[in-house]
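So the sequence lines, in the order shown, correspond to chains L and G. Counting from 0, one number per residue, gives the positions in the first sequence under numbering that gives the first Met the number 0. Counting from 0, one number per residue, gives the positions in the second sequence under numbering that gives the first Met the number 0. Glycine included, C-beta positions come from ideal geometry on N, C-alpha and C. For clarity, every value in this text was computed on a predicted model and none was experimentally measured.
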Amino acid sequence: MMVLMSTIGLADYLGVSALLLIAGLACMILKRNILGVLMGVELILNAANLNLAAFARFTSLGLDGQMIALFVIVLAAAEAAIALAIALSFYNSHDSVDIERGQQLKG
Amino acid sequence: MTETLLFYGLAILAAGGGLAVVLSPNIVRMAIWLIVSLVGVAGLFFLLGAEFLGATQLLIYVGGTVVLLIFGVMLTATGPLRSLITPGLELVQGCLAAGVLLMVLTWTLGGIDWTVVSRLLPQDVRARSAHSAALSDGDTTTGLGLGMVGVSERELGASQGRRTQSSYLLPFEVISVHLLVVLIGAAYLARTKRRAGSPQS
């Protein structure tokens with residue numbers, strides 16, 4: 000009950016954002032599937048967006064924070080499109096989405 | 000009370016979904032858990048008073064990017080490759096890196112008094128902060144749209160034209176061209192190439 004009575008501040012949102020960042024980082028390191036790594040990147044970008052929106056609400060960042068978050072969303076969509084195209088191209092030539100197989104992509 | 004309950008529910012949805020993405024071995028289930036996490040974050044945006052941002056998150060992320068990811072999963076998932084996960088030593092190293100970063104972040108979060116942040120600001124910034132706090136109680140769409148076309152709402156409210164606030168017209172145009180270039184490049188990269196030895200039709 001004590002927890003429910005407390006008001007939610009900036010630090011609580013930053014904590015959720017930190018958990019999302021950790022999940023994304025672990026996803027990027029541990030998965031061997033290209034698309035798994037891509038999902039980790041999406042999680043990290045969401046953590047950053049949550050930080051921006053929280054600072055926009057609780058400090059003087061104002062609408063600028065939400066504006067930057069919008070740009071991040073658009074850039075994430077573009078990044079997902081180009082990364083998927085690369086993954087499909089890689090799959091076409093290697094018949095696999097295992098990132099260990101990409102070691103021969105040198106030069 | 001209600002806000003606190005909503006926050007904890009949505010926070011569990013977002014962070015739990017994110018952790019489930021890491022722990023789930025199947026790539027299709029990972030995509031589903033990613034949707035759960037993104038919806039949780041969108042709910043947190045609504046709770047923060049950023050309605051337009053939350054709606055954009057739902058439309059573009061959940062409706063666009065994740066659907067794109069799921070299509071990629073379906074086009075490349077063949078048999079045993081669906082559940083690739085790192086073995087042994089790399090697993091330990093990855094968990095160690097993530098755990099250490101989590102410790103650093105929580106230590107930093109606990110060590111800083113975040114209520115001071117808004118009090119340390121200079122005077123005019125705090126006045127503008129009061130204005131934007133009124134904005135962020137809900138109606139943010141007008142301000143965001145005006146910012147996108149190059150007019151700041153604060154300039155409209157100010158008495159004379161002392162331009163202190165840069166607007167977002169140029170970044171908006173740059174990102175539009177960027178999106179066009181990226182989509183053309185993606186279509187070029189993802190086209191089906193004929194193998195060198197395959198018969199020509």
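Residue i: contacting residues in chain L (beta-carbon distance under 9 Å)
i        : result
Met29(G) : Cys26, Lys30, Asn32, Leu34, Gly35 and Met38
Ile34(G) : Going along chain L, no residue has its Cβ under 9 Å from Ile34(G), so there is no contact; the nearest lies around 10 Å.
Nearest-angstrom beta carbon gap, residue j and residue i [assumed within contact, 8 Å]
i         : j         : result
Gly208(G) : Leu42(L)  : With chain G covering 0 to 200 only, the question about residue 208(G) has no answer from this structure.
Ala185(G) : Ala80(L)  : 4 Å
Ser88(L)  : Leu49(L)  : At roughly 32 Å, the Cβ-Cβ gap does not stay under 8 Å, so Ser88(L) and Leu49(L) are not in contact.
Ala25(L)  : Val21(G)  : 5 Å
Ala46(L)  : Leu20(L)  : 4 Å
Ala54(G)  : Thr139(G) : Not confirmed; about 11 Å, so no contact.
Cross-chain neighbours of residue i in chain L, by beta carbon under 7 Å
i         : result
Gly144(G) : Under the 7 Å cutoff, chain L gives no residues; its nearest Cβ is about 11 Å from Gly144(G).
Trp113(G) : Gly8, Leu9 and Ala10
Gly201(G) : Residue 201(G) lies beyond the stretch modelled for chain G, which goes from 0 to 200, so this question has no answer here.
Gly48(G)  : Arg56
Cβ neighbour criterion (16 or more within 10 Å) applied to residue i
i         : result
Ala13(G)  : buried
Asp112(G) : exposed
Trp32(G)  : buried
Phe70(G)  : exposed
Thr75(G)  : buried
Gln103(L) : exposed
Gly144(G) : exposed
Ile26(G)  : buried
Tyr187(G) : exposed
Ile67(L)  : buried
Ser92(L)  : exposed
Leu47(G)  : buried
Gly223(G) : Here chain G has residues from 0 to 200 only, and residue 223(G) is not among them.
Leu88(G)  : exposed
Leu34(L)  : buried
Asp63(L)  : buried
Ser59(L)  : buried
Val38(G)  : buried
Met29(G)  : buried
Arg161(G) : Note that Arg161(G) scores a pLDDT of 48, beneath 50, so its modelled location is shaky; the value from the coordinates is reported in the next line. Burial call: exposed.
Thr107(G) : exposed
Ala23(L)  : The sequence given here places Gly at residue 23(L); Ala does not occur at that position. Buried.
Ser36(G)  : buried
Thr114(G) : exposed
Thr191(G) : exposed
Ile72(L)  : buried
Residue i, enclosing alpha helix (DSSP H) - first and last residue
i         : result
Ser175(G) : Leu168 to Leu188
Leu95(G)  : Gly87 to Gly110
Ser5(L)   : Premise fails: Ser5(L) is in no alpha helix (DSSP H) and is neither H nor E.
Ala14(G)  : Thr1 to Leu22
Arg100(L) : Note, Arg100(L): premise wrong, no alpha helix (DSSP H); not H, not E.
Gln65(L)  : Leu62 to His93
Asn48(L)  : Ile33 to Phe57
Thr191(G) : Counting along the chain, Thr191(G) falls outside any alpha helix (DSSP H), and DSSP gives it neither H nor E.
Gly23(L)  : Leu9 to Leu29
Leu67(G)  : Val65 to Thr75
Thr141(G) : Thr140 to Met147
Leu43(G)  : Ile26 to Leu46
Thr55(G)  : Glu50 to Thr55
Contact set between residue i and chain L, taken where Cβ atoms lie within less than 8 Å
i         : result
Ser172(G) : It should be pointed out that residue 172(G) corresponds to Glu in this sequence rather than to Ser. Correct list: empty, because the minimum Cβ distance to chain L is about 12 Å.
Chain G contact residues for residue i, given Cβ-Cβ distances below 8 Å
i        : result
Val15(L) : Ala10, Ala13, Ala14 and Leu43
Ala79(L) : Thr64, Leu67 and Leu68
Val73(L) : Ile59, Ile174 and Leu178
Asn50(L) : Result: empty, since nearest Cβ-Cβ is about 11 Å, beyond 8 Å.
Where residue i meets chain G, residues with beta-carbon distance less than 7 Å
i        : result
Ala68(L) : Leu52
Contacts of residue i in chain G (Cβ-Cβ under 9 Å)
i         : result
Gln103(L) : Per Cβ cutoff of 9 Å: no residues; Gln103(L) is ~17 Å from chain G at best.
| With a cut-off of 8 Å, do at least 3 Cβ pairs link the segment 57-64 of chain G to the segment 94-104 of chain G? | no
| Between the segment 46-55 of chain L and the segment 8-16 of chain L, do at least 3 Cβ pairs fall closer than 8 Å? | yes
| request: Give a yes or no on contact between the segment 89-100 of chain L and the segment 25-34 of chain L, applying the rule of three or more CB pairs nearer than 8 Å. | output: yes
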